[in-house]
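Residue numbers (my numbering), protein chains in the order written: chain A, 520 to 629; chain B, 31 to 142.
From the three backbone atoms N, C-alpha and C, an ideal C-beta is built for every residue, glycine too.
Remember, it's a predicted structure, so these values are computed and weren't measured experimentally.
What follows is a short report on a single structure.
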Amino acid sequence: QKEVEQDPGPLSVPEGAIVSLNCTYSNSAFQYFMWYRQYSRKGPELLMYTYSSGNKEDGRFTAQVDKSSKYISLFIRDSQPSDSATYLCAMIGSARQLTFGSGTQLTVLP
Amino acid sequence: EPEVTQTPSHQVTQMGQEVILRCVPISNHLYFYWYRQILGQKVEFLVSFYNNEISEKSEIFDDQFSVERPDGSNFTLKIRSTKLEDSAMYFCASSRDDTEAFFGQGTRLTVV
Numbered sequence: 520q521k522e523v524e525q526d527p528g529p530l531s532v533p534e535g536a537i538v539s540l541n542c543t544y545s546n547s548a549f550q551y552f553m554w555y556r557q558y559s560r561k562g563p564e565l566l567m568y569t570y571s572s573g574n575k576e577d578g579r580f581t582a583q584v585d586k587s588s589k590y591i592s593l594f595i596r597d598s599q600p601s602d603s604a605t606y607l608c609a610m611i612g613s614a615r616q617l618t619f620g621s622g623t624q625l626t627v628l629p
Numbered sequence: 031e032p033e034v035t036q037t038p039s040h041q042v043t044q045m046g047q048e049v050i051l052r053c054v055p056i057s058n059h060l061y062f063y064w065y066r067q068i069l070g071q072k073v074e075f076l077v078s079f080y081n082n083e084i085s086e087k088s089e090i091f092d093d094q095f096s097v098e099r100p101d102g103s104n105f106t107l108k109i110r111s112t113k114l115e116d117s118a119m120y121f122c123a124s125s126r127d128d129t130e131a132f133f134g135q136g137t138r139l140t141v142v
């Protein structure tokens with residue numbers, strides 16, 4: 520079983536839609552949960568960072584962590600064409616290194 | 031806004047040659063990392079560096095790899111005797127507190 524699983528997509532939505540991106544994980548030691556956005560051939564850009572279970576909101580983005588289900592989500596409200604990118608979930612456990620999902624490719628159509 | 035800077039953006043090298051990838055982390059950060067991403071695959075951890083020494087390394091980071099912080103601002107990854115399978119994007123990252131990591135734009139290494 521992979522440590523972090525993420526549906527690769529691709530996912531296409533119309534402008535203005537609510538987007539839901541998800542990851543599951545198997546390692547109970549993961550404590551910190553991140554979402555990165557990556558444009559083609561560029562470095563990952565940190566969007567959201569949460570510790571433990573619960574929700575965190577930042578503008579149009581909401582990150583949700585459910586440690587009991589080992590499931591994390593990123594919601595994007597009022598999606599824009601500029602949101603089109605690959606979204607990577609990543610996690611940190613006792614080994615202080617990021618373990619990434621494979622990324623979900625999102626296209627927001629104007 | 032402070033950012034992690036990597037040079038060069040693209041490096042082409044012949045198999046068997048040595049390459050040095052350079053990074054300037056964010057100035058008040060204390061933890062430094064190298065990750066790589068082979069085309070179409072996940073971002074993978076290589077090594078973390080803190081207090082002038084390696085704190086963790088992955089199985090990928092074998093004897094052909096080394097890291098150095100030669101001065102107060104630069105952080106380098108050296109790959110000795112490059113192989114075709116070393117072709118990838120190499121990302122440097124830095125963190126103030128060993129959690130939120132900020133990435134550079136990457137160096138695309140092509141081994142021919």
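Nearest by alpha-carbon distance to residue i: which of the options is it?
i: B/Asp93; options: B/Glu48, B/Val141, B/Thr140 and B/His40; result: B/Glu48
i: A/Ser603; options: A/Tyr568, A/Ser572, A/Tyr590 and A/Tyr555; result: A/Tyr555
i: A/Glu576; options: A/Leu540, A/Leu593 and A/Pro563; result: A/Leu593
i: B/Ser78; options: B/Thr43, B/Thr112, B/Met45 and B/Arg126; result: B/Arg126
i: A/Glu522; options: A/Pro533, A/Tyr544 and A/Glu534; result: A/Tyr544
What is the residue span of the beta strand (DSSP E) that residue i lies within?
i: A/Leu593; result: Tyr590 to Ile595
i: A/Asp577; result: Gly573 to Asp577
i: A/Gln624; result: Thr623 to Leu628
i: B/Lys87; result: Glu83 to Lys87
i: B/His59; result: Per DSSP, B/His59 belongs to no beta strand (DSSP E) and is neither H nor E.
i: A/Tyr558; result: No beta strand (DSSP E) holds A/Tyr558; DSSP gives it neither H nor E.
i: B/Lys113; result: Where B/Lys113 is concerned, there is no enclosing beta strand (DSSP E), given that its DSSP letter is neither H nor E.
Which residues of chain A have a Cβ atom closer than 9 Å to the Cβ of residue i, listed in chain order?
i: B/Asp128; result: Ile611 and Arg615
Where residue i and residue j are concerned, what is the direct C-alpha to C-alpha distance, given to the nearest angstrom?
i: A/Tyr590; j: A/Phe619; result: 14 Å
i: B/Glu56; j: B/Val34; result: The question names Glu, but residue 56 of chain B is Ile in the sequence shown. Distance between the alpha carbons of B/Ile56 and B/Val34 is about 5 Å.
i: B/Gln67; j: A/Ala536; result: 30 Å
i: A/Gln616; j: A/Val584; result: 19 Å
Using the beta-carbon of each residue, which ones in chain B are nearer than 9 Å to residue i?
i: A/Leu607; result: Lys72 and Val73
Mind listing the chain B neighbours of residue i? Cutoff is C-beta to C-beta under 7 Å, in chain order.
i: A/Pro529; result: The premise fails here: A/Pro529 is roughly 13 Å from chain B at the closest Cβ pair, so nothing lies under 7 Å.
**Study point:** Any 3 or more C-beta pairs closer than 8 Å across the segment 581-598 of chain A and the segment 88-108 of chain B
**Key:** no
Point to revise | Sufficient close CB pairs (3 or more, under 8 Å) joining the segment 619-628 of chain A to the segment 111-127 of chain B | key: no
Exercise for review: Report yes or no: do the segment 523-542 of chain A and the segment 562-572 of chain A share at least 3 C-beta pairs separated by less than 8 Å?
Suggested key: no
Practice item. Evaluate the contact criterion for the segment 579-587 of chain A versus the segment 34-46 of chain B: three or more CB pairs, one atom per stretch, below 8 Å. Key: no
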